[in-house]
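Student:
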Amino acid sequence: MAKLDSRQASEMGMRTEQLTGRTQQVFFSPEESDNLTYSWAPEVDFEKHTELDAENRSANEVNRHIRNMMEEGYGSITILNPGAKHSLGVGILSRLSLRFEGSLGYFGCGLLDGPNVVVTGRVGWSCAENMMAGTLVIEKNAGSSFGAAIRGGDLVCKGDVGSRTGIDQKGGTIIAGGRTGAFSGFMMQRGRMVILGDAGKNLGDSMYDGTIYVGGKIADLGVDAVEEDLTEFDCEWLKRKLDLYGMEAANGVENMTKIVSGKQLWNYDNLEPTEKKLIL
Numbered sequence: 024m025a026k027l028d029s030r031q032a033s034e035m036g037m038r039t040e041q042l043t044g045r046t047q048q049v050f051f052s053p054e055e056s057d058n059l060t061y062s063w064a065p066e067v068d069f070e071k072h073t074e075l076d077a078e079n080r081s082a083n084e085v086n087r088h089i090r091n092m093m094e095e096g097y098g099s100i101t102i103l104n105p106g107a108k109h110s111l112g113v114g115i116l117s118r119l120s121l122r123f124e125g126s127l128g129y130f131g132c133g134l135l136d137g138p139n140v141v142v143t144g145r146v147g148w149s150c151a152e153n154m155m156a157g158t159l160v161i162e163k164n165a166g167s168s169f170g171a172a173i174r175g176g177d178l179v180c181k182g183d184v185g186s187r188t189g190i191d192q193k194g195g196t197i198i199a200g201g202r203t204g205a206f207s208g209f210m211m212q213r214g215r216m217v218i219l220g221d222a223g224k225n226l227g228d229s230m231y232d233g234t235i236y237v238g239g240k241i242a243d244l245g246v247d248a249v250e251e252d253l254t255e256f257d258c259e260w261l262k263r264k265l266d267l268y269g270m271e272a273a274n275g276v277e278n279m280t281k282i283v284s285g286k287q288l289w290n291y292d293n294l295e296p297t298e299k300k301l302i303l
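With this note's numbering, the residue at position 161 of the sequence shown is 184, and numbering never jumps.
1. Since I believe Val-113 is in contact with Ile-102 (beta carbons under 8 Å), could you give me their beta-carbon distance rounded to a whole number of angstroms?
2. Starting from the N-terminal side, write out each stretch of the beta strand (DSSP E) that is 3 residues or longer and does not extend beyond the region 177–211.
3. Measure from the alpha carbon of Ser-126 to the alpha carbon of each residue in Gly-214, Ala-107, Asn-139, Leu-159, then state which is nearest.
4. Determine whether the beta carbon atoms of Gln-314 and Gly-208 lie at a separation below 9 Å.
5. So, under 8 Å CB-CB, Gly-227 and Ile-235 are touching, yes? Tell me the CB distance rounded to an integer number of Å.
6. Measure the C-alpha to C-alpha separation of Val-142 and Ile-190 and round it to an integer number of angstroms.
7. Find out if the Cβ-Cβ distance for the pair Leu-135, Leu-111 is shorter than 9 Å.
8. Per DSSP, Ile-115 forms a beta bridge with which residues?
9. Our contact map puts His-109 next to Phe-130 with C-beta atoms below 8 Å; I'd like the distance itself, whole angstroms only.
10. Nearest by alpha-carbon distance to Lys-224: which of Thr-188, Gly-200, Gly-195, Asp-257 is it?
11. According to the neighbour-count rule (16 or more other Cβ atoms, all chains shown, within 10 Å of its Cβ), is Thr-196 buried or exposed?
12. Terminal residues of the continuous beta strand (DSSP E) containing Asp-76?
13. Looking only at its chain, what residues have a beta carbon closer than 7 Å to the beta carbon of Gly-185, apart from the 5 residues adjacent to it on each side?
14. Go to Ile-89, then tell me how far its alpha helix (DSSP H) extends in each direction, as first and last residue.
15. For Phe-51, which three-state DSSP category applies?
16. What three-state label does DSSP hand Gly-278 in the structure shown?
17. Can the beta-carbon of Leu-288 be found less than 9 Å from the beta-carbon of Val-249?
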């Protein structure tokens, strides 16, 4: 393998100085060839089920109980009466089947890395922020900034979602069964977004890469977002992905609109002032 010299490494933003303090190095279990797990992840049995009533517990207490139950080997956990509390189900970095019977508040299920989660109600702003792996299915509606900075996994809302859906999306898949608000896909970098209903204004504004599929009407496109023809691969992928969650495009996946980056902003700093005005 070719090695980078110090000059090349510096130009690519890589640094060689020694970091101090606690190490960030993480080792994974080699036994999990397809779904790598953290070495300290608890061993859970998906056939072992338990419930927790969250009505008279704080969000911190609920999250702590979830971790304790995982340490006891429970692989299927149901949370009753979540009561739209904020920050429930965050930071779960292990395999788990988790179900919330009700609605969540702001910042629900952030930083997920591996679990399969179902929320039978609604979720507030910034649900699944920085999600890395796993699945999260919302049976009703979601607030703004749904899936902000998501990096992997499948994030599904079967109802409508608010504005700024998938802002700064870095990977994974976001699916909205209904409408989405303004500035969805803003500064999108990678991944796919599927909107089965209508899309609000400035869709895909300043997106760097990634793909957005829309089944309904688009109010307008944002800066540097352009339409592209659907391919056979797009249609096959859409059909397969939607089938996983029992969803379908009202007019068929072959009639959805595909939005990608025009890539005019990739070299924005090198453009002449008149060229910048044309893009913006």
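Idealized CB from N, CA, C, for every residue including glycine.
Tutor: In terms of the structure at hand:
1. Sequence index remark: in the sequence shown, residue 102 carries index 79 (1-based). Sequence index remark: in the sequence shown, residue 113 carries index 90 (1-based). That pair is no contact at about 13 Å.
2. DSSP runs (the beta strand (DSSP E)) wholly in the region 177–211: 177–180, 193–199.
3. Position 103 of the sequence shown, counted from the first residue, corresponds to residue 126. Of the listed residues, the one whose Cα sits closest to Ser-126 is Ala-107.
4. The requested residue 314 does not occur in the structure, where the chain is confined to residues 24 to 303.
5. The sequence position of residue 227 within the sequence shown is 204, counting from 1. The sequence position of residue 235 within the sequence shown is 212, counting from 1. Going by Cβ atoms, the distance from Gly-227 to Ile-235 rounds to 5 Å, so yes, they are a contact pair.
6. Within the sequence shown, the letter at position 119 stands for residue 142. Within the sequence shown, the letter at position 167 stands for residue 190. When rounded, the distance between both Cα atoms is 22 Å.
7. Here residue 135 is taken as the residue at index 112 of the sequence shown, counted from 1. Here residue 111 is taken as the residue at index 88 of the sequence shown, counted from 1. Against a cut-off of 9 Å, the Cβ pair of Leu-111 and Leu-135 comes out as no contact.
8. Here the question's residue 115 lines up with position 92 in the sequence shown. The partner list for Ile-115 (beta bridge, DSSP) is empty, contrary to what the question assumes.
9. The residue labelled residue 109 in the question sits at position 86 within the sequence shown. The residue labelled residue 130 in the question sits at position 107 within the sequence shown. About 6 Å separates the two Cβ atoms, so the contact holds.
10. On the sequence shown, residue 224 is found 201 positions in, with the first residue counted as 1. When each option's Cα is compared against that of Lys-224, the closest is Thr-188.
11. Translated into positions along the sequence shown, residue 196 becomes position 173. Result: buried.
12. In the sequence shown, the residue the question calls residue 76 occupies position 53. That run of the beta strand (DSSP E) goes 68–76.
13. As a first step, residue 185 is located in the sequence shown; it is residue number 162 there, counting from the start. These residues qualify, in order along the chain: Ala-165, Gly-166, Ser-167, Phe-169, Gly-204.
14. Translated into positions along the sequence shown, residue 89 becomes position 66. Taken as a continuous stretch (DSSP letters only), the alpha helix (DSSP H) holding Ile-89 covers 82–94.
15. For the purposes of this step, residue 51 is identified with residue 28 of the sequence shown, where counting begins at 1. For Phe-51, the predicted model reports a pLDDT of 49, less than 50, meaning its position is unreliable and no value from the coordinates is stated.
16. Within the sequence shown, residue 278 is the residue found at index 255, counting from 1. Contrary to the premise, residue 278 reads as Asn rather than Gly in this sequence. Looking at Asn-278 - three-state DSSP - the assignment turns out to be helix.
17. Translated into positions along the sequence shown, residue 288 becomes position 265. Translated into positions along the sequence shown, residue 249 becomes position 226. Cβ atoms of Leu-288 and Val-249: not closer than 9 Å.
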